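2 protein chains.
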Amino acid sequence: MKLVCKKSIILNGLQIVSKAVPVRTTFPILECILIDASKGEIKLIANDTDLGIETVIEGDIVEPGILALEAKIFVEMIRKLPENDITIVSDGNYNTVITCEKTKFNLLGKSGDDFSYLPKIEKKNNIVISQFTLKEVIRQTIFSIADNDNKIMMGELFEVTDDHLKIVSLDGHRISLRNIALKNSYDHIKVIVPGKALNEISKILTGEADKDVTIFFTDRHIMFEFDSTIVLSRLIEGEYFQIDNMLSKDYESKIHISKKELYDCIDRASLMVKEGDKKPIILDVKDRNLELMINSVVGSMNENIDIQKTGTDMKIGFNPKFLMDALKVIDDDEIDMYLINPKSPCIIRDNDGSYVYLILPVNFTVSN
Amino acid sequence: MKLVCKKSIILNGLQIVSKAVPVRTTFPILECILIDASKGEIKLIANDTDLGIETVIEGDIVEPGILALEAKIFVEMIRKLPENDITIVSDGNYNTVITCEKTKFNLLGKSGDDFSYLPKIEKKNNIVISQFTLKEVIRQTIFSIADNDNKIMMGELFEVTDDHLKIVSLDGHRISLRNIALKNSYDHIKVIVPGKALNEISKILTGEADKDVTIFFTDRHIMFEFDSTIVLSRLIEGEYFQIDNMLSKDYESKIHISKKELYDCIDRASLMVKEGDKKPIILDVKDRNLELMINSVVGSMNENIDIQKTGTDMKIGFNPKFLMDALKVIDDDEIDMYLINPKSPCIIRDNDGSYVYLILPVNFTVSN
Numbered sequence: 001m002k003l004v005c006k007k008s009i010i011l012n013g014l015q016i017v018s019k020a021v022p023v024r025t026t027f028p029i030l031e032c033i034l035i036d037a038s039k040g041e042i043k044l045i046a047n048d049t050d051l052g053i054e055t056v057i058e059g060d061i062v063e064p065g066i067l068a069l070e071a072k073i074f075v076e077m078i079r080k081l082p083e084n085d086i087t088i089v090s091d092g093n094y095n096t097v098i099t100c101e102k103t104k105f106n107l108l109g110k111s112g113d114d115f116s117y118l119p120k121i122e123k124k125n126n127i128v129i130s131q132f133t134l135k136e137v138i139r140q141t142i143f144s145i146a147d148n149d150n151k152i153m154m155g156e157l158f159e160v161t162d163d164h165l166k167i168v169s170l171d172g173h174r175i176s177l178r179n180i181a182l183k184n185s186y187d188h189i190k191v192i193v194p195g196k197a198l199n200e201i202s203k204i205l206t207g208e209a210d211k212d213v214t215i216f217f218t219d220r221h222i223m224f225e226f227d228s229t230i231v232l233s234r235l236i237e238g239e240y241f242q243i244d245n246m247l248s249k250d251y252e253s254k255i256h257i258s259k260k261e262l263y264d265c266i267d268r269a270s271l272m273v274k275e276g277d278k279k280p281i282i283l284d285v286k287d288r289n290l291e292l293m294i295n296s297v298v299g300s301m302n303e304n305i306d307i308q309k310t311g312t313d314m315k316i317g318f319n320p321k322f323l324m325d326a327l328k329v330i331d332d333d334e335i336d337m338y339l340i341n342p343k344s345p346c347i348i349r350d351n352d353g354s355y356v357y358l359i360l361p362v363n364f365t366v367s368n
Numbered sequence: 001m002k003l004v005c006k007k008s009i010i011l012n013g014l015q016i017v018s019k020a021v022p023v024r025t026t027f028p029i030l031e032c033i034l035i036d037a038s039k040g041e042i043k044l045i046a047n048d049t050d051l052g053i054e055t056v057i058e059g060d061i062v063e064p065g066i067l068a069l070e071a072k073i074f075v076e077m078i079r080k081l082p083e084n085d086i087t088i089v090s091d092g093n094y095n096t097v098i099t100c101e102k103t104k105f106n107l108l109g110k111s112g113d114d115f116s117y118l119p120k121i122e123k124k125n126n127i128v129i130s131q132f133t134l135k136e137v138i139r140q141t142i143f144s145i146a147d148n149d150n151k152i153m154m155g156e157l158f159e160v161t162d163d164h165l166k167i168v169s170l171d172g173h174r175i176s177l178r179n180i181a182l183k184n185s186y187d188h189i190k191v192i193v194p195g196k197a198l199n200e201i202s203k204i205l206t207g208e209a210d211k212d213v214t215i216f217f218t219d220r221h222i223m224f225e226f227d228s229t230i231v232l233s234r235l236i237e238g239e240y241f242q243i244d245n246m247l248s249k250d251y252e253s254k255i256h257i258s259k260k261e262l263y264d265c266i267d268r269a270s271l272m273v274k275e276g277d278k279k280p281i282i283l284d285v286k287d288r289n290l291e292l293m294i295n296s297v298v299g300s301m302n303e304n305i306d307i308q309k310t311g312t313d314m315k316i317g318f319n320p321k322f323l324m325d326a327l328k329v330i331d332d333d334e335i336d337m338y339l340i341n342p343k344s345p346c347i348i349r350d351n352d353g354s355y356v357y358l359i360l361p362v363n364f365t366v367s368n
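First to last, the protein sequences are chains F and P. The numbers in our numbering rise by one with no breaks, and the one at position 131 of the first sequence is 131. The numbers in our numbering rise by one with no breaks, and the one at position 79 of the second sequence is 79.
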């Protein structure tokens with residue numbers, strides 16, 4: 001095989017597919033990036049069998065061929081080379097020479113025979129959204145998946161109904177929900193996408209508003225197609241949680257508050273919480289005033305924030321991190337919080353239903 | 001005690017003195033920052049008994065007093081408060097209230113009775129250099145102190161002779177030497193300053209060329225005085241190494257080379273060196289050409305660089321990191337390297353003797 005590519009182009013391609021190279025694996029071939037230049041285009045592929053990424057890069061194929069190179073060292077070599085044309089040549093034994101200007105790297109590649117290519121999937125059900133929207137909605141929900149618990153909680157619900165896409169994540173203490181309007185109407189789709197795949201894809205997406213992503217769904221896979229790249233992930237099997245009755249619109253008390261003031265206050269209060277400690281922040285809701293209080297071995301803090309309130313007064317406690325996680329991803333300057341009682345979840349949502357964040361309260365002793 | 005200070009001013013002062021708060025200690029009082037507002041000025045002090053820092057900040061003393069607060073939480077509290085006036089009040093039991101706008105923190109302080117103030121030193125021998133020069137010269141030498149070996153190697157030699165200051169660090173594999181011209185002539189001074197103190201002081205120095213640092217020397221201490229801050233460190237006791245005869249000006253071969261080309265080449269080559277591996281980079285010095293080669297289990301690399309050479313051809317091996325460390329802190333675009341033979345150190349120095357970097361070579365097998 002012999003290829004010539006611009007450094008910036010091959011580096012960008014390698015950084016994209018690297019996201020599917022597993023950190024630890026017992027199959028050495030999975031630690032490789034495959035260069036497939038056997039069919040008239042230069043395709044870079046990595047696949048950890050749950051998540052696979054393929055991207056096509058520009059360059060000259062002087063001699064077609066297939067070659068697998070250990071991802072980590074290959075990416076570093078390309079990164080360290082000067083900004084110029086890079087030539088990659090391999091012989092029948094996969095002895096590989098990478099040259100650029102006066103630098104020459106030698107390393108031993110592998111045949112691609114054992115490499116698992118991405119499975120071919122049927123391109124039937126698909127939706128189209130902008131790269132910007134997909135990147136944003138992942139950021140706005142990914143924080144509330146569970147890291148190692150119930151397998152279903154480690155993924156996000158993607159549900160298409162007519163002309164909107166609903167994305168949900170939850171971890172047993174909170175629920176994040178986003179609704180996205182689609183340009184067209186589609187058949188009903190309901191799948192659970194692994195959080196890991198969403199995390200990686202959000203790093204690859206440039207997030208441009210005028211570039212689209214086509215998302216294909218099958219029974220077993222979800223595939224994201226954008227620019228010259230394909231990201232394919234296995235789905236999580238099972239039924240997602242019924243959340244609709246948890247997101248009731250009934251409430252006893254509604255608070256209208258500046259998001260920044262509330263966030264900054266909780267941020268200060270969380271200084272009082274040492275790692276592993278579960279001290280709640282107490283919200284004392286009164287007419288026109290919200291007092292926030294926290295009390296720990298470190299010391300205590302209290303602060304007052306002006307609010308607009310309708311409904312009953314209430315004292316309710318929360319894990320400060322859960323409130324901050326939700327506030328951090330809401331773009332509105334002013335938000336509405338809906339409370340029922342100190343034992344029932346608080347809901348932060350806007351009027352047109354584009355977002356809903358539910359957070360369970362924490363018990364606190366009366367002395368607080 | 002009751003004080004009122006601007007947030008930015010007190011935060012800056014706390015960040016300065018924090019550098020002398022030990023990470024681990026068996027004396028809880030050392031984990032505190034002392035606020036001494038008993039004598040008409042607000043002084044912040046931290047002291048781990050090897051290194052002590054004192055800074056005076058602007059603010060109003062409403063009620064004089066002394067108070068010690070646990071450094072970590074105190075700094076974080078101040079950092080998280082809004083940009084406005086901060087009031088710190090403590091009562092007779094050191095119950096402390098920190099308020100800013102509508103936020104109120106409560107924490108328990110300590111009396112300053114057990115706190116060790118900085119020892120008073122005799123301000124006799126001193127030199128003056130700019131903050132810029134001191135910050136630079138620390139950066140240019142600190143990398144070659146030993147981290148945990150001979151106690152003397154963990155410090156740097158500061159030697160004043162007439163109107164220049166010589167600063168030396170060495171770790172058994174290499175020597176870094178810088179000469180700085182002083183504006184005045186001084187008596188001879190020769191001390192060993194702990195690397196830790198130099199590291200911390202270089203973080204505090206703003207590095208402005210038009211601001212000076214006065215450095216005081218006693219038998220046991222070095223004290224840096226600048227802006228409203230005093231940094232005082234114990235010296236390392238003992239005799240520094242005799243290095244003059246190691247820095248011989250004899251050589252067999254002199255190479256004139258672009259620093260950037262050499263650095264970038266070694267940077268690429270060091271990809272071939274895995275953590276803990278001791279693969280040398282081989283320099284094959286010929287007329288007009290330097291070939292660099294490295295060979296490891298990962299693969300191999302070679303590259304040619306145009307040079308000007310006088311003297312004999314030579315093949316010599318080095319630890320790539322040691323070459324890079326020195327090249328990184330030399331500002332010249334072109335450098336001169338002096339070689340004697342493959343078993344003798346290489347010296348990189350300029351003509352006016354403002355810097356000398358000595359690096360011991362590494363043995364390599366002929367097959368390389």
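All residues carry an ideal CB built from backbone N, CA and C; glycine is no exception. All values reported here derive from a predicted model rather than from experimental measurement.
Per-residue contacts from residue i into chain P (C-beta, under 7 angstroms)
{"i": "E76/F", "result": "L271"}
{"i": "K80/F", "result": "D267, R268, L271"}
Buried versus exposed call for residue i [16 or more other C-beta atoms within 10 Å across all chains shown]
{"i": "N295/P", "result": "buried"}
{"i": "E303/P", "result": "buried"}
{"i": "V128/P", "result": "exposed"}
{"i": "P361/P", "result": "buried"}
{"i": "S8/P", "result": "exposed"}
{"i": "R79/P", "result": "exposed"}
{"i": "F27/F", "result": "exposed"}
{"i": "K135/P", "result": "buried"}
{"i": "R174/F", "result": "buried"}
{"i": "Q242/P", "result": "exposed"}
{"i": "N84/P", "result": "exposed"}
Proximity test, Cβ basis, 9 angstroms: residue i and chain F
{"i": "I192/P", "result": "no"}
{"i": "P342/P", "result": "no"}
{"i": "C32/P", "result": "no"}
{"i": "D333/P", "result": "no"}
{"i": "N298/P", "result": "Sequence inspection shows Val at residue 298/P; the Asn mentioned does not correspond to that position. Chain F contact via Cβ: present."}
{"i": "R178/P", "result": "no"}
{"i": "I88/P", "result": "no"}
Chain-order list of residues whose beta-carbon lies under 8 angstroms from that of residue i (same chain, five-residue window excluded)
{"i": "D380/F", "result": "Since the first and last residues shown for chain F are 1 and 368, residue 380/F lies out of range."}
{"i": "Q131/P", "result": "L205, T206, G207, E208, A209, K211, D212, V213, F226"}
{"i": "E334/P", "result": "H256, I257, S258, K259"}
C-beta neighbour in chain P for residue i, strict 9 angstroms
{"i": "G238/F", "result": "no"}
{"i": "K282/F", "result": "Rather than Lys, the amino acid found at residue 282/F in this sequence is Ile. Chain P contact via Cβ: absent."}
{"i": "I255/F", "result": "no"}
Range of the contiguous beta strand (DSSP E) that encloses residue i
{"i": "K254/F", "result": "253-258"}
{"i": "A68/P", "result": "65-70"}
{"i": "S38/P", "result": "No beta strand (DSSP E) holds S38/P; DSSP gives it neither H nor E."}
{"i": "L323/P", "result": "It is not in any beta strand (DSSP E) - L323/P instead sits in the alpha helix (DSSP H) that spans 320-328."}
{"i": "F27/P", "result": "Unbroken run through F27/P: none, as it is neither H nor E."}
heavy atom of the ligand FMN below 8 angstroms from residue i C-beta
{"i": "K260/P", "result": "Here there are no bound small molecules, and the ligand FMN is not part of this structure."}
Spatial neighbours of residue i in its chain, beta-carbon cut-off 6 angstroms, leaving aside the 5 residues before and after
{"i": "L323/F", "result": "I266"}
{"i": "F105/P", "result": "M77, I98"}
{"i": "Q308/F", "result": "H256"}
{"i": "A46/P", "result": "V17, A20, V21, I33, I53"}
{"i": "P64/F", "result": "A37, S38"}
{"i": "L247/F", "result": "V356"}
{"i": "D60/P", "result": "V4"}
Chain-ordered chain P contacts of residue i [CB-CB under 8 angstroms]
{"i": "M301/F", "result": "T103, K104, F105, N106"}
Under 7 angstroms from the C-beta of residue i: neighbouring residues of chain F
{"i": "N304/P", "result": "K102"}
Same chain only: Cβ atoms within 7 angstroms of residue i, ignoring 5 sequence neighbours per side
{"i": "G109/P", "result": "L67, A68, L69, S90, Y94, T96"}
Where the alpha helix (DSSP H) through residue i begins and ends
{"i": "Q242/P", "result": "Neither: Q242/P is in no alpha helix (DSSP H) and is coded neither H nor E."}
{"i": "S18/P", "result": "7-18"}
{"i": "R139/F", "result": "131-139"}
{"i": "N199/P", "result": "195-204"}
Under 8 angstroms by beta carbon: chain F residues contacting residue i
{"i": "I29/P", "result": "The premise fails here: I29/P is roughly 17 angstroms from chain F at the closest Cβ pair, so nothing lies under 8 angstroms."}
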